[in-house]
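To keep things clear, I will list the structure first and then write my remarks on it.
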Amino acid sequence: MPEAQVPRGVASGRASIFYEGLAALEYRQLVVDPIFAGEGVMPGTGRPVLVIPGFLAPDVAVLTMVRWLRSAGYHAAYPKAGPNIMCGEVAIGRMESRLEELVKRQGQRAVVIGHSRGGQLARVLSVRRPDLIQASIKLGTPGLIDRRDTHPAVRLCMHALTGLQRLGIPGIFGESCFTGACCDRFRADLHKAMPPAVELTCVIGRRDGLVDRQACVDPAASHVVQVDASHIGTIVNPASYRAIAAVLGKLDSAHTPPARRAA
């Protein structure tokens, strides 16, 4: 994969962690914004959209987005895989099965939206299964599994999960996912070019206090969109919703031929 070219204006490092306390305000802004009522959103045709929550988060963390997508005419769905604390390969296996089910039911390729670590899962799914996915949208997602890109509070949570992994709890995200054989393929797929048939969009929060903003730039992205959001707020910020609506509208206004599964 080529070295990422950072678009002009994407600041390095993280913003103040205190911006994360504004996520509730971002949500309040969303529910009174015209985008939330569907203004400027092209009506969907039942396209499946899988929405993957971020690190540690359960499905309910993306409830607002899923409901909004459904109200716009999309078949939005949760991963139904529990909190996002699983080993990367374990999580991919479960979500791949979920995607197959959704695509078979709806009869068209899906869009996958992932927040934070959920965006890494979305990217790997897109690399492996372009036959199932037409577009992938990453919200505040670091490009690689690198603890240096995250706030110390996030690293502390990772360390705690490593402790559970060492106690023998199977399938848990931990130290081996960074350097071990369990996620060799997963880490490699984070570096791979995107299949030509899958469009990738990165949404980056200018006030992200948890993840290095430049680390969220993916060199394979067709579009990099900056929004005035915190890290947590990227899943409830009106500007994020506009970016998502733009991707969905483009897909539904153009016919894209089916792709083949990656070898």
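For the sequence shown, our numbering begins at 363 and goes up steadily by one. Cβ coordinates follow ideal geometry from the N, Cα and C atoms, glycine included. The structure presented is a predicted model; accordingly, all values stated were derived computationally and were not measured.
Could you check where the beta strand (DSSP E) with Gly455 kicks off and where it finishes?
If you number the sequence shown from 1, residue 455 lands on position 93. Counting along the chain, Gly455 falls outside any beta strand (DSSP E), though it belongs to the alpha helix (DSSP H) covering 450-468.
Taking the beta strand (DSSP E) that Gln588 falls in, what are its first and last residues?
Taking the sequence shown and counting its residues from 1, one reaches residue 588 at position 226. Unbroken beta strand (DSSP E) run through Gln588: 585-589.
Using a threshold of 8 Å, state whether the C-beta atoms of Glu451 and Arg547 are closer than that.
As a first step, residue 451 must be located in the sequence shown, where it is residue number 89. As a first step, residue 547 must be located in the sequence shown, where it is residue number 185. Yes, they are a contact pair.
Short Cβ contact (8 Å threshold) for Gly567 with Thr596
Residue 567 sits at position 205 when you count from the first residue of the sequence shown. Residue 596 sits at position 234 when you count from the first residue of the sequence shown. A distance below 8 Å separates the beta carbons of Gly567 and Thr596.
Coarse secondary structure for Lys612, derived from DSSP in three states
As a first step, residue 612 must be located in the sequence shown, where it is residue number 250. Note: Lys612 maps to helix in three-state DSSP.
Touching by the beta-carbon criterion (3+ pairs, under 8 Å), the segment 493-501 and the segment 429-436:
no
In the DSSP assignment, what residue or residues form a beta bridge with Cys578?
Here residue 578 refers to the residue found at position 216 of the sequence shown. Paired residue(s): none; Cys578 is not in a bridge.
Mind checking whether Pro445 and Pro420 have CB atoms under 8 Å apart?
For the purposes of this step, residue 445 is identified with residue 83 of the sequence shown, where counting begins at 1. For the purposes of this step, residue 420 is identified with residue 58 of the sequence shown, where counting begins at 1. The answer is yes: Cβ separation under 8 Å.
Spell out the partners DSSP gives Pro410 in its beta bridges.
For the purposes of this step, residue 410 is taken as the residue at position 48 of the sequence shown. The partner list for Pro410 (beta bridge, DSSP) reads His437.
Since Val473 contacts Arg409 with CB under 8 Å, what's their CB separation in whole angstroms?
Here residue 473 refers to the residue found at position 111 of the sequence shown. Here residue 409 refers to the residue found at position 47 of the sequence shown. Contact flag correct, Cβ pair sits at about 6 Å.
In this structure, what does DSSP give as the bridge partners for Thr503?
Residue numbering aside, residue 503 sits at position 141 when the sequence shown is read from its first letter. In the DSSP output, where bridge partners are listed per residue, Thr503 has none listed.
Determine the direct distance from the alpha carbon of Glu537 to that of Met404, and round the result to whole angstroms.
The residue labelled residue 404 in the question sits at position 42 within the sequence shown. The residue labelled residue 537 in the question sits at position 175 within the sequence shown. Taking the straight line from one Cα to the other gives about 43 Å.
Within a Cβ cutoff of 6 Å, which residues of the same chain sit near Leu431, ignoring the five residues on either side of it in sequence?
Here residue 431 corresponds to residue number 69 of the sequence shown, with the count starting at 1. Val411, Ala438, listed in sequence order.
Kindly list the residues whose CB is nearer than 7 Å to the CB of Val598, restricted to its own chain and excluding five residues on each side of it in sequence; keep chain order.
Here residue 598 is taken as the residue at index 236 of the sequence shown, counted from 1. Excluding sequence neighbours, Val598 sits near Ala385, Glu388, Tyr389, Leu392, Thr426.
Measure the Cβ-Cβ separation of Ile454 and Leu487 and say whether it is below 8 Å.
Residue numbering aside, residue 454 sits at position 92 when the sequence shown is read from its first letter. Residue numbering aside, residue 487 sits at position 125 when the sequence shown is read from its first letter. Contact: yes.
Put Leu425 into one of helix, strand or coil per three-state DSSP.
One-based indexing of the sequence shown puts residue 425 at position 63. Correct three-state label for Leu425: helix.
Starting from Glu388, trace the beta strand (DSSP E) both ways and give me its first and last residue.
As a working mapping, residue 388 is identified with position 26 in the sequence shown. From DSSP, Glu388 is part of no beta strand (DSSP E) but of the alpha helix (DSSP H) over 385-393.
Residues of its chain near Ala605, where Cβ-Cβ distance is below 6 Å and the 5 sequence neighbours each way are ignored
Position 243 of the sequence shown, counted from the start, is the residue given in the question as residue 605. Val565, Val587.
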